[in-house]
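S.K.: One structure coming up, written as structure tokens, with questions to follow.
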Ligand code: 13P
Ligand code: SF4
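In the working numbering, the protein residues as written are 1376 to 1686.
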């Protein structure tokens, strides 16, 4: 076995640590992780682990969420530069201003947000539970949905419910919208299309589908939603519209199927910042700890727990 992999495994045991990795992480990080999943699955796992140290192989807001949920655990992010363009698309000041304009509105924040934003929110959601979270809110309530405009539109379409949607986006998924979807359909007539709702193309797919969930061959899914879909599908060909890191896991669970990335350039550079050496250093030096000030964490925990309890 590769030396560094052996060393990581040994150190992990000695320190009673758990390694969590997002579906977009590099293949070798996914392979060494104790748990690989989407934002919701990772939050759930962070909440229930008995480990003393959580090494979070993902981006900053994910480590922050783990630290908010498990304030007694040491949460480490191996590379502090791992940010998220979507989380940066709204600041706490902007949210406070927006709330002032809609004083009675319920605030639903995607988990891709800073701890300060979560602290000012009523509910958190991820791409896998956004529809359920919004439908749990009484119909007469005005809703501020942030920060992703495509996910917001998706929820609005599925529920036929008007939302106030922040005009934010993820630079990786936004660009997938520039891809020639029609051409991909021509090239792969028998494929199923699995599309992340953050994608720029998701809105046109919804229009095309008219009723999104009935559209043959097109499915809007979170990253774990894609994993579950492929696990249970008899199809042999899939076109995947999200960050390409997920292809590693998809190929592992269904080696007999063929997977195409709708855009091979859909690479989140933040997600690729962590490597095995940094993971080893994180365990060895217990770096870099992500901690949220107690007053912010106590407020932010409320919408996160509401989200975890709903589904
Ligand atoms: P998922 O929760 O679907 O894994 O999405 C997280 C994310 O960052 C998408 O870009
Ligand atoms: Fe953030 Fe986009 Fe990267 Fe996901 S893919 S972590 S939303 S920048």
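Glycine included, C-beta positions come from ideal geometry on N, C-alpha and C.
Out of 1621, 1390 and 1609, state which residue places its alpha-carbon closest to the alpha-carbon of residue 1600.
M.R.: Residue 1621 is the option with its Cα nearest to residue 1600.
S.K.: Closer than 8 Å is the cut-off here; do at least three beta carbon pairs connect the region 1670-1684 with the region 1416-1436?
M.R.: Cβ pair count under 8 Å is three or more, so yes.
S.K.: Closer than 7 Å to a non-hydrogen atom of the ligand 13P - does that hold for the CB of residue 1466?
M.R.: Outside the cutoff, so no.
S.K.: May I ask you to list the residues that DSSP assigns as paired with residue 1616?
M.R.: For residue 1616, which the question treats as bridged, DSSP gives the partners 1570.
S.K.: Less than 8 Å between the beta carbons of residue 1465 and residue 1538, yes or no?
M.R.: No, Cβ-Cβ distance for residue 1465 and residue 1538 is not below 8 Å.
S.K.: Once DSSP output is grouped into helix, strand and coil, what is the label at residue 1387?
M.R.: Looking at residue 1387 - three-state DSSP - the assignment turns out to be helix.
S.K.: Less than 8 Å between the C-beta atoms of residue 1566 and residue 1612, yes or no?
M.R.: The answer is yes: Cβ separation under 8 Å.
S.K.: Taking residue 1510 as part of the alpha helix (DSSP H), name the residues at either end of that continuous run.
M.R.: Residue 1510 -> alpha helix (DSSP H) spans 1505-1510.
S.K.: Any heavy atom of the ligand 13P closer than 7 Å to the CB of residue 1398?
M.R.: Because some heavy atom of the ligand 13P lies under 7 Å away, the Cβ of residue 1398 counts as near it: yes.
S.K.: Let me have the residue list for the ligand 13P: C-beta closer than 5 Å to any non-hydrogen atom, ordered along the chain.
M.R.: Taking each Cβ in turn, the ones that pass are 1413, 1414, 1501, 1502, 1597 and 1598.
S.K.: Spell out a yes or no on whether the region 1466-1476 and the region 1500-1515 are touching, meaning 3 or more CB-CB pairs, one atom from each, closer than 8 Å.
M.R.: Touching, no, given that fewer than three Cβ pairs across the two stretches are closer than 8 Å.
S.K.: Okay, do the region 1444-1456 and the region 1658-1668 touch, 3+ Cβ pairs below 8 Å being the bar?
M.R.: Output reads yes: the region 1658-1668 touches the region 1444-1456.
S.K.: Terminal residues of the continuous beta strand (DSSP E) containing residue 1428?
M.R.: Residue 1428 -> beta strand (DSSP E) spans 1428-1432.
S.K.: How many angstroms separate the CA atom of residue 1589 from the CA atom of residue 1442?
M.R.: The predicted model places residue 1589 with a pLDDT of 41, which falls under 50 and marks its position as unreliable; any figure quoted below should be read in that light. Cα to Cα, the separation comes out at about 39 Å.
S.K.: Could you name the residues of the same chain whose beta carbon sits closer than 7 Å to that of residue 1316, not counting the 5 residues immediately before and after it, in chain order?
M.R.: Limits of the chain in this structure are 1376 at one end and 1686 at the other, which puts residue 1316 out of reach.
S.K.: Among 1432, 1411 and 1406, which has the Cα closest to the Cα of residue 1653?
M.R.: Considering only alpha carbons, the answer is 1432.
S.K.: Bridge partners for residue 1498 per DSSP, in chain order?
M.R.: Answer is 1483.
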